[in-house]
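Working notes for the structure below.
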Amino acid sequence: MLTFPRLVPLTDIAQEAVNGDPVIIQRFPFKVGRERRSTAVKISNLANRLTGPARGNDLQLIDDGECVNVSSSHFMIEAEGGKYFITDLGSQCGTIVEGKRLGGNRRGGRQELLDQEVIIVGSAKSPFVFKFRTPAA
317 MLTFPRLVPL TDIAQEAVNG DPVIIQRFPF KVGRERRSTA VKISNLANRL
367 TGPARGNDLQ LIDDGECVNV SSSHFMIEAE GGKYFITDLG SQCGTIVEGK
417 RLGGNRRGGR QELLDQEVII VGSAKSPFVF KFRTPAA
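Take 317 as the starting number for the sequence shown in this note's numbering and just add one per residue.
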């Protein structure tokens, strides 16, 4: 039984970004964005990804592709009244939730996030694809 919500990586690149493990969301808001260090530096501190830094992103993705999909502050997940919400934080490419674009062009946007929904960080061509899993009832 799950006790915390999770982001499950669905693509090879997403799995590589989180060392193949689901990302456990232990505190809210949970922020996701682009790694700010050199793209040559890989994330190796799993504990930092799971508990998050004091400031900034809780999950940092290295996006060194030809077309950058992930903004430095891309989206966040919040818990309110037993429900979960995803907010695009004004990213350039937006966030795709179950095939529907949220935000983009620095507009931002917010919607409820349900169990099993697929999140694409950036455009439809982004390699960063995750499935949101809520705790088992």
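Think of the CB as a built atom: it goes at the ideal place given N, C-alpha and C, for glycine as much as any other residue. Only a predicted model underlies this, so the values are computations on that prediction, with no experimental measurement involved.
Beta-carbon spacing of F391, V437 below 9 Å: As a working mapping, residue 391 is identified with position 75 in the sequence shown. As a working mapping, residue 437 is identified with position 121 in the sequence shown. A contact, by the Cβ cut-off of 9 Å.
Do you know offhand how far F448's Cα is from D337's? Walking along the sequence shown from the start, residue 448 turns up at place 132. Walking along the sequence shown from the start, residue 337 turns up at place 21. Their backbone Cα atoms lie some 13 Å apart in a straight line.
Determine the direct distance from the alpha carbon of V434 to that of V324, and round the result to whole angstroms. As a working note, residue 324 is residue 8 in the sequence shown. As a working note, residue 434 is residue 118 in the sequence shown. Looking at the two C-alpha atoms, the distance is approximately 9 Å.
What number of angstroms, rounded off, separates the C-alpha of G406 from the C-alpha of P451? Numbered from 1 along the sequence shown, position 90 holds the residue referred to as residue 406. Numbered from 1 along the sequence shown, position 135 holds the residue referred to as residue 451. About 28 Å.
Ordered along the chain, which non-local residues of its own chain (more than five positions away) have a Cβ less than 6 Å from that of S389? For this step, residue 389 is matched to residue 73 along the sequence shown. Same-chain partners within the cutoff: G349, L405.
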